[in-house]
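Notes follow once the structure below has been shown.
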Ligand code: SDX
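In the numbering used here, the protein residues as written are 18 to 439.
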């Protein structure tokens, strides 16, 4: 006999089934709530509401667990590469060596971006934020690839996946090249995906690009750690936009815009700006902790806290360790890393943060590595988007394959009653 939930309203009882997931998470299935009671639930920010079932990522915020398709993030970060994890997230199983090789080669077939996209790029001022350019250019890809994806057709879906993985990486780096006034680079089909990212970003016509394998390995790991995170703000946006049957590029473009916000993916840029400000103000971390605790002060400790993790973000642990290793290997002495360590230690000992289960999240240390790799601060959230792309694609594909209904939350009206317009 499956469990049920009983709701009593005005003396009348209503029974709702309880749905249990494969990791024993439970939800009250309220699909019939309004039909039975005439009422809806109210849950701003959906803190208590599940929008869907999904087989892609499992999080346990209390235990600090993150798994992609059942594989622990620690295992994947240690033993897989980014394209392998992208394939796993999108198609559900680890690729064989042949499948992975084919996936990488099929992505290579789609890395040329229509040259006319450059005239769109030229329309942006040099001061434009790379995330704004990326959102616009991703949406513009629809103009050059107007045929919408037939999700029922495996070949068509596979091709759309490879096209998105190929073209998004290139235009992401074009946002940087544009701001620097550099000529646009093209993907080199003799190199790997992550190495191509560094070449696309930094190779200049006047001298050959020197590859640093430590940098490539660190980036590959960072992209894996950012690849998916169940129904976060930007992924929910991608699913919501896709639920109206808008195209994949249009849905990803919406996800880029949602990720840009400083409370979400934009936090990695905000963390570095915060740490630099602390450093420039003499490293007084206590002053900034006090600001973060002061309700009258809108300042928040960026890179701290999480909607789901009420324990350490498992990704933050891995990134913190990687930050130490990468900076040591590259011989980079960054005072900002010292400030971050000092701030983290002070916060973790502070009653305000402990009482609210505020721990470092994925964004707290990632920017320190990006900076050591020579990535400019306003490109940090673009890095997050490149990592999150396979997760967005996987979630969009699952939503469409499951034939989910168009997303349309309800509300409770609290405005003016009927009044005559004279
Ligand atoms: C990402 O959802 C995901 O999975 C996201 C992500 C992903 O992979 O997709 O993990 C990526 O977005 C990570 C989060 C990056 N954002 C930041 O680092 C920005 C700083 N953090 C906060 O703004 C905040 O912690 C959020 C937005 C991340 C979570 O906010 P919640 O869950 O809505 O928490 P809340 O606002 O209800 O805060 C609860 C309490 C409040 O205090 P009280 O009203 O109880 O007194 O904690 C306080 C908040 O004021 N609080 C903070 C704080 N975060 C929460 N106080 C100071 N500094 C902070 N960072």
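The beta-carbon is built from N, C-alpha and C at its ideal position, and this holds for glycine as well. Because the structure is a prediction, the values reported are computed rather than measured.
First through last residue of the alpha helix (DSSP H) which encompasses residue 422:
Segment: none, residue 422 is in no alpha helix (DSSP H) and carries neither H nor E.
Less than 7 angstroms separating the beta-carbons of residue 146 and residue 395?
Yes.
Using beta-carbon positions only, say whether residue 319 and residue 288 come within less than 7 angstroms of one another.
A contact, by the Cβ cut-off of 7 angstroms.
So the alpha helix (DSSP H) residue 104 belongs to, where does it begin and stop?
99-108 is the span of the alpha helix (DSSP H), which, as asked, contains residue 104.
Residue 229 to residue 310, Cα distance in whole Å?
Just so you know, the alpha carbons of residue 229 and residue 310 end up roughly 41 angstroms apart.
Can you determine whether any heavy atom of the ligand SDX sits closer than 6 angstroms to the C-beta of residue 273, and answer yes or no?
A distance criterion of 6 angstroms places the beta-carbon of residue 273 beyond contact range of the ligand SDX, judged by its closest non-hydrogen atom.
Please specify which runs of the beta strand (DSSP E), each continuous and at least 3 residues long, are wholly inside the stretch 325-413, giving them in chain order.
Here no run is fully enclosed.
Spatial distance of residue 64 from residue 53 (CA atoms):
Rounded to whole angstroms, residue 64 to residue 53 spans 24 angstroms at the Cα level.
The ligand SDX and residue 321: does any heavy atom of the ligand fall closer than 6 angstroms to the residue's C-beta?
Yes, the beta carbon of residue 321 sits closer than 6 angstroms to at least one heavy atom of the ligand SDX.
Report yes or no: do three or more beta-carbon pairs, one from the stretch 108-118 and one from the stretch 189-197, lie closer than 8 angstroms?
Contact fails: fewer than three Cβ-Cβ distances are below 8 angstroms.
From which residue to which residue does the alpha helix (DSSP H) around residue 305 run?
302-310 is the extent of the alpha helix (DSSP H) around residue 305.
Taking a contact to mean a Cβ-Cβ separation below 7 angstroms, would you say residue 424 touches residue 165 in this structure?
Note that the C-beta distance between residue 424 and residue 165 is not below 7 angstroms.
Looking at residue 373 and the ligand SDX, is the gap between the Cβ and the nearest heavy atom below 6 angstroms?
In this structure, residue 373 has its beta carbon less than 6 angstroms from a heavy atom of the ligand SDX.
Taking only the alpha-carbon atoms, compute the straight-line gap between residue 417 and residue 69 and give it to the nearest angstrom.
Straight across, the Cα-Cα distance linking residue 417 with residue 69 is about 12 angstroms.
Should residue 410 and residue 178 be called a contact, given that it needs their Cβ atoms to be closer than 7 angstroms?
Going by C-beta atoms, residue 410 is nearer than 7 angstroms to residue 178.
Considering only residues of the same chain and omitting the five flanking positions on each side of residue 314, which have a CB-CB separation below 6 angstroms?
Hits under 6 angstroms: 308.
Residue environment, residue 238, which counts as buried when at least 16 other CB atoms sit within 10 Å
Burial call: buried.
From residue 56 to residue 47, what does the alpha carbon distance come to, in whole angstroms?
For residue 56 and residue 47, the distance between alpha carbons rounds to 11 angstroms.
Touching or not, the stretch 218-235 and the stretch 326-346, by the rule of three or more beta carbon pairs under 8 angstroms?
A contact exists between the stretch 218-235 and the stretch 326-346.
Is the beta carbon of residue 284 closer than 7 angstroms to that of residue 380?
Cβ atoms of residue 380 and residue 284: closer than 7 angstroms.
Sub-7 angstroms separation of residue 161 and residue 202 beta-carbons
The beta carbons of residue 161 and residue 202 sit no closer together than 7 angstroms.
With a threshold of 6 angstroms (Cβ to nearest heavy atom), would residue 96 be considered close to the ligand SDX?
No, Cβ of residue 96 sits at least 6 angstroms from all heavy atoms of the ligand SDX.
Under DSSP, the beta strand (DSSP E) around residue 32 begins and ends at which residues?
Taken as a continuous stretch (DSSP letters only), the beta strand (DSSP E) holding residue 32 covers 29-37.
Under 7 angstroms between the Cβ atoms of residue 292 and residue 357?
A contact, by the Cβ cut-off of 7 angstroms.
On the three-state DSSP scale, how would you describe residue 177?
Look at residue 177 here: in three-state DSSP terms it is helix.
Among the candidates 89, 126, 67, whose CA atom is the shortest distance from the CA of residue 210?
With distances taken between Cα atoms, residue 210 lies closest to 126.
Does the beta carbon of residue 57 fall short of 6 angstroms from some heavy atom of the ligand SDX?
For residue 57, the distance from the CB to the nearest heavy atom of the ligand SDX is not below 6 angstroms.
Rounded to whole angstroms, how far is the Cβ of residue 219 from the Cβ of residue 186, which I believe are closer than 8 angstroms?
Contact flag wrong, Cβ pair sits at about 14 angstroms.
Identify whether residue 226 lies in helix, strand or coil by the three-state DSSP scheme.
Collapsing the DSSP output to three states places residue 226 in coil.
For residue 128, which residues from the same chain have a beta carbon less than 6 angstroms from its beta carbon, with the 5 sequence-adjacent residues on both sides left out?
Sequence-distant Cβ neighbours of residue 128 in its own chain, meaning closer than 6 angstroms and more than five residues away, are 183, 187, 204.
Inspect the CB distances between the stretch 259-273 and the stretch 136-156 and report whether three or more fall short of 8 angstroms.
Yes: at least three Cβ pairs fall under 8 angstroms.
Does the beta-carbon distance from residue 95 to residue 117 come in below 7 angstroms?
7 angstroms or more divides the Cβ of residue 95 from the Cβ of residue 117.
At a cut-off of 6 angstroms, would you count residue 289 as near the ligand SDX, judging by its Cβ distance to the nearest heavy atom?
Checking the 6 angstroms criterion, the Cβ of residue 289 is out of range of every heavy atom belonging to the ligand SDX.
Three-state secondary structure (DSSP) at residue 137?
Under the three-state reduction of DSSP output, residue 137 falls in the helix class.
DSSP-derived helix/strand/coil call for residue 43
It is a strand residue.
Under three-state DSSP, which class holds residue 89?
In this structure, residue 89 counts as strand in the three-state DSSP scheme.
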